[in-house]
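Going by our numbering, the first residue of the sequence shown is number 108, and it counts up by one from there.
Ideal placement from N, C-alpha and C gives every residue a C-beta, glycine not left out.
Keep in mind it's a predicted model, so treat the numbers as computed, not measured.
Here's the structure, in structure tokens; my notes come after.
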Amino acid sequence: MTMELNLHGEPRVVDSIPALEQALLQARALAQCELWLTMAEDAEQGPALCMLRNGGNAWLMYLSGQDDLSYHSLGDEEAQGGCSYLLSNGQVDEYPEAWCVDVAGCEQAFIAFFKAGGARPNAIAWDAD
Numbered sequence: 108m109t110m111e112l113n114l115h116g117e118p119r120v121v122d123s124i125p126a127l128e129q130a131l132l133q134a135r136a137l138a139q140c141e142l143w144l145t146m147a148e149d150a151e152q153g154p155a156l157c158m159l160r161n162g163g164n165a166w167l168m169y170l171s172g173q174d175d176l177s178y179h180s181l182g183d184e185e186a187q188g189g190c191s192y193l194l195s196n197g198q199v200d201e202y203p204e205a206w207c208v209d210v211a212g213c214e215q216a217f218i219a220f221f222k223a224g225g226a227r228p229n230a231i232a233w234d235a236d
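Pasting the structure below:
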């Protein structure tokens, strides 16, 4: 199976778990990143998994590609405030801290997404958008 991985605007083909793990290591080395893993070249065609990370803060977005269904991760629902994220196009967006989940958990979700052929990872708590 092959998927397209886009690390902060740099696309590449991922065809194995070791290749995906290498890309995740490269993403972790960046202070901030936008990381997409998709079944199609166009993420909006889905399914797609996206991680936005700023240091130790990270959250996930899942696009099903069907009926425009999308989900975001849920972390500590009691968390207050937000965190800003640098997107690959240079834009800075802010999202709620309550959406943040552990970076290692995000990385495991990417591996699960790849192994399951684009299914939404079960180990993450999700909220429909």
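Legend entry - Touch test, the segment 169-186 against the segment 222-235, Cβ-Cβ under 8 Å, three pairs minimum: yes
Inset, instruction - Compute the Euclidean distance between the alpha carbons of Y192 and A138, then round it to the nearest angstrom. - result: Against the sequence shown, residue 192 aligns to sequence position 85. Against the sequence shown, residue 138 aligns to sequence position 31. Spanning the two alpha carbons is a distance of roughly 10 Å.
Inset, instruction - Would you kindly work out how many angstroms separate the C-alpha atoms of N113 and A126, rounded to a whole number? - result: As a first step, residue 113 is located in the sequence shown; it is residue number 6 there, counting from the start. As a first step, residue 126 is located in the sequence shown; it is residue number 19 there, counting from the start. If you take the alpha carbons of N113 and A126, they lie about 13 Å apart.
Legend entry - Helix, strand or coil at P228 according to DSSP, with G and I counted as helix: Looking up residue 228 in the sequence shown gives position 121. DSSP places P228 in coil when its eight states are reduced to three.
Legend entry - Beta-carbon contacts of V208 that lie in its chain and below 7 Å, excluding the five residues immediately before and after: Walking along the sequence shown from the start, residue 208 turns up at place 101. Excluding positions up to five away in sequence, the list reads A165, W166, L167, S180, G182, I231.
Inset, instruction - Can you tell me which of the three DSSP states P125 falls into? - result: One-based indexing of the sequence shown puts residue 125 at position 18. Helix, per DSSP.
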